[in-house]
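Novice: Below you will find the structure I want to go over with you.
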Amino acid sequence: MPSALKTSPSLTVRHLMSSVEVARAFRFFETHADAITDEHIRICSIPASPFGERERAEYLSRKFASLGLTEVEVDEEGNCLGLLKGASRSPLMVVSAHLDTVFSPGTDFTVVQKGNKLLAPGIADDGCGLAALIALVQAIQTEQIRSEGSILFVGTVGEEGEGNLRGVRHLFTRGRWASQVDSFLSFDGPGVERITNRALGSRRYRVEITGPGGHSWGDFGLPNPVHALGRAISRLAAYPAPKEPRTTFNAGRIEGGTSVNSIPRKAGMEVDLRSTAETELRRLDAFFRRAMRDAVDEENAKRRAGDPELKLKLDLFGERPSGETPVDSPLVELAIETTRLLGFEPRLDQSSTDSNLPISLGIPAITLGAGGTSGYSHTLDEWYDPRDRDKGLKRGLLVILGTVGLR
Ligand SMILES: [Zn+2]
């Protein structure tokens, strides 16, 4: 990987912290705190439900263009991109935050201010990441900070739930920047200590079992989809999931049947499988698929001669790879040193974020908090407190400049 990191991460950060440009940018974050919060409120007031991020992406692209980024576009998937060109095209770092929220269309995204807190769905996750992107571009441009490598700022779509990382997946696999990115940083949520360098992988399935259905008394003996589903859940529940690497499974939603005295035609469920290790996730996934088939076979084996069979359908509707950016990689070391030099205790963390995708491709990637504090994430009571936001922005700026190089 081409990197501007020629010395140790600690020396790199010290050098950056002694430069006048960085000092000016730091002051910018402190003196523009209110303006940054105003911008935060503006972008979070624009609704952004899963698969409904368009308006917010267009707002961000206008913002990027007005701040002098080049090659600004909303791509085929809906991501908003803008390039800050350095002395050369590489190393190229993607700096991102996600546009989407978990909230359905029709949600009221109005931001309410109460004391020091801002209240709105998505105000922290990932409103503070989007505010960080804009504030970083503003500081870099206003203070005329020139970099060696280039920075591609991206507002991604589809980070949450059923979005299934579609934005970042497009960016790294089909988009026009696909093979050019050397490192990845995403701002997601608040805080200034967390460094997410490990990706929590997951697979999500919709299971559907269908059959002929009939009368509970008159047709007794026909295979029953709910009975088969019961067998399936029982098999899954018996899986010996290891504690280390942490591996989990959950049948989170079940449905099926129409009345107490009918053999149902259909039963189904949604299942979430997770593991911190890709090998364990694959093992659990294979077990799950076999358990579903065996359960349906078992129910079919009991049916009367000549009766129709139950049919099984498995739909993989969510897939997030796991993996990690090693602790001794330049990017993680840089983030650790930066956090320390700013006076905080770095906390390495594992989570499911946009970084999962680049990590799975072997591209160094981390997710950082964007400063400030928050609570009740993913609920309608979500709040964000922007006090000390500047610490998160300073950390972000140092990690970016430490990676692409200050000219
Ligand atoms: Zn998020």
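Here the sequence shown is numbered in this note's numbering, starting from 18 and rising by one per residue. Using N, Cα and C, we set each Cβ at its ideal position, and we do this for glycine too. Quantities reported herein were computed from a predicted structural model and do not represent experimental measurements.
1) Consider the C-beta atom of Asp-142 and the heavy atoms of ligand 1; say whether any pair is separated by less than 6 Å.
2) Does the distance from the C-beta atom of Ala-258 to that of Ala-312 stay below 7 Å?
3) Taking all protein chains shown into account, do 16 or more other C-beta atoms lie within 10 angstroms of the C-beta of Pro-19, making it buried, or fewer, making it exposed?
4) Would you kindly check if the distance between the Cβ of Pro-67 and the Cβ of Asp-117 is under 7 Å?
5) Helix, strand or coil for Gly-377 per DSSP?
6) Compare the Cα-Cα distances from Gly-323 to each of Phe-304, Gly-238 and Pro-381 and report the closest residue.
7) Would you call the region 333–344 and the region 157–175 touching, i.e. three or more CB-CB distances under 8 Å?
8) Nearest to Lys-408 by alpha carbon, out of Ile-226, Ala-387, Pro-122 and Cys-61?
9) Relative to ligand 1, is the shortest distance from any of its heavy atoms to the C-beta of Asp-371 smaller than 6 Å?
10) Determine, using beta carbons only, whether Pro-240 and Gly-230 come nearer to each other than 7 Å.
11) Could you compute how far the alpha carbon of Glu-308 sits from the alpha carbon of Arg-252?
12) Have a look at Thr-420 and Phe-204 and give me their C-alpha separation to the nearest angstrom.
13) Could you have a look at Gly-273 and say whether DSSP puts it in helix, strand or coil?
14) Check Phe-361 in the structure and name its three-state DSSP category.
15) Could you please give the first and the last residue of the uninterrupted alpha helix (DSSP H) stretch that includes Asp-55?
16) For ligand 1, any of its heavy atoms closer than 6 Å to the Cβ of Asp-205?
17) Using 10 angstroms around the beta-carbon of Thr-127, count the other beta-carbons present and answer buried if the total reaches 16, otherwise exposed.
18) Is the separation between the beta-carbon of Leu-86 and that of Ala-114 shorter than 7 Å?
19) Rounded C-beta distance between Glu-2 and Asn-181? I'm assuming under 8 Å.
20) Between the C-alpha atoms of Leu-153 and Pro-242, what's the straight-line distance to the nearest angstrom?
21) When we look at the beta-carbon of Leu-28 and count the other beta-carbons within 10 Å, is it buried (16 or more) or exposed?
22) Classify Arg-252 as helix, strand or coil using the three-state DSSP reduction.
23) Write down the C-beta distance between Cys-61 and Gly-389 rounded to the nearest angstrom, noting that I regard them as a contact closer than 8 Å.
24) Within this structure, are the beta carbons of Gly-103 and Ser-164 separated by less than 7 Å?
25) Report the residue from Leu-100, Gly-69 and Ser-107 whose alpha carbon sits nearest the alpha carbon of Glu-177.
26) Ala-74 and Cys-97 - do their beta-carbons sit closer together than 7 Å?
27) Taking C-beta to C-beta, are Pro-26 and Glu-362 nearer than 7 Å?
28) Let's test the definition: count the other Cβ atoms within 10 Å of the Cβ of Thr-275 and tell me whether it reaches 16, buried, or not, exposed.
Specialist: In this structure, then:
1) For the purposes of this step, residue 142 is taken as the residue at position 125 of the sequence shown. It does: the Cβ of Asp-142 is within 6 Å (strictly closer) of some heavy atom of ligand 1.
2) Sequence index remark: in the sequence shown, residue 258 carries index 241 (1-based). Sequence index remark: in the sequence shown, residue 312 carries index 295 (1-based). No, Cβ-Cβ distance for Ala-258 and Ala-312 is not below 7 Å.
3) Mapped onto the sequence shown, residue 19 falls at position 2. Its pLDDT being 45, under 50, Pro-19 is placed unreliably by the model, and the measurement read from it follows with that caveat. It counts as exposed.
4) In the sequence shown, the residue the question calls residue 117 occupies position 100. In the sequence shown, the residue the question calls residue 67 occupies position 50. Yes, these two residues count as a Cβ contact at 7 Å.
5) As a position in the sequence shown, residue 377 is number 360, starting the count at 1. The question names Gly, but residue 377 is Ser in the sequence shown. Helix, per DSSP.
6) Here residue 323 corresponds to residue number 306 of the sequence shown, with the count starting at 1. Ranking Phe-304, Gly-238 and Pro-381 by Cα distance to Gly-323 puts Gly-238 first.
7) no
8) Looking up residue 408 in the sequence shown gives position 391. The candidate whose alpha carbon is nearest that of Lys-408 is Ala-387.
9) Residue 371 sits at position 354 when you count from the first residue of the sequence shown. No, the Cβ of Asp-371 stays beyond 6 Å of every heavy atom of ligand 1.
10) Locating residue 240 in the sequence shown gives position 223, where the first residue counts as 1. Locating residue 230 in the sequence shown gives position 213, where the first residue counts as 1. No, these two residues do not count as a Cβ contact at 7 Å.
11) For this step, residue 308 is matched to residue 291 along the sequence shown. For this step, residue 252 is matched to residue 235 along the sequence shown. Checking the sequence, you will find Ala at residue 308 rather than Glu. When rounded, the distance between both Cα atoms is 6 Å.
12) As a position in the sequence shown, residue 420 is number 403, starting the count at 1. As a position in the sequence shown, residue 204 is number 187, starting the count at 1. Cα to Cα, the separation comes out at about 16 Å.
13) By one-based count along the sequence shown, residue 273 stands at place 256. It is a strand residue.
14) On the sequence shown, residue 361 is found 344 positions in, with the first residue counted as 1. Looking at Phe-361 - three-state DSSP - the assignment turns out to be coil, as it is neither helix nor strand.
15) On the sequence shown, position 38 is the one that residue 55 refers to. 50–61 is the span of the alpha helix (DSSP H), which, as asked, contains Asp-55.
16) Within the sequence shown, the letter at position 188 stands for residue 205. Checking the Cβ of Asp-205 against ligand 1 gives yes.
17) As a position in the sequence shown, residue 127 is number 110, starting the count at 1. Burial call: exposed.
18) Position 69 of the sequence shown, counted from the first residue, corresponds to residue 86. Position 97 of the sequence shown, counted from the first residue, corresponds to residue 114. No, the Cβ-Cβ distance between Leu-86 and Ala-114 is not below 7 Å.
19) Coverage of the chain is limited to positions 18 through 424, which leaves residue 2 absent and any answer about it impossible.
20) Taking the sequence shown and counting its residues from 1, the one referred to as residue 153 is at position 136. Taking the sequence shown and counting its residues from 1, the one referred to as residue 242 is at position 225. Using only the alpha carbons, I get a separation of about 55 Å.
21) Position 11 of the sequence shown, counted from the first residue, corresponds to residue 28. Per the 10 Å Cβ criterion, exposed.
22) One-based indexing of the sequence shown puts residue 252 at position 235. Looking at Arg-252 - three-state DSSP - the assignment turns out to be helix.
23) Within the sequence shown, residue 61 is the residue found at index 44, counting from 1. Within the sequence shown, residue 389 is the residue found at index 372, counting from 1. Not really, about 13 Å apart at Cβ, beyond 8 Å.
24) Position 86 of the sequence shown, counting from 1, holds the residue named residue 103. Position 147 of the sequence shown, counting from 1, holds the residue named residue 164. Cβ distance < 7 Å, so Gly-103 and Ser-164 count as in contact.
25) As a first step, residue 177 must be located in the sequence shown, where it is residue number 160. Comparing Cα positions, the closest option is Gly-69.
26) Your numbering for residue 97 matches position 80 in the sequence shown. Your numbering for residue 74 matches position 57 in the sequence shown. Closer than 7 Å, so yes.
27) For the purposes of this step, residue 26 is identified with residue 9 of the sequence shown, where counting begins at 1. For the purposes of this step, residue 362 is identified with residue 345 of the sequence shown, where counting begins at 1. No; because the gap between Cβ atoms is not below 7 Å, this pair is not in contact.
28) Here residue 275 corresponds to residue number 258 of the sequence shown, with the count starting at 1. Thr-275 is exposed by the Cβ-count criterion.
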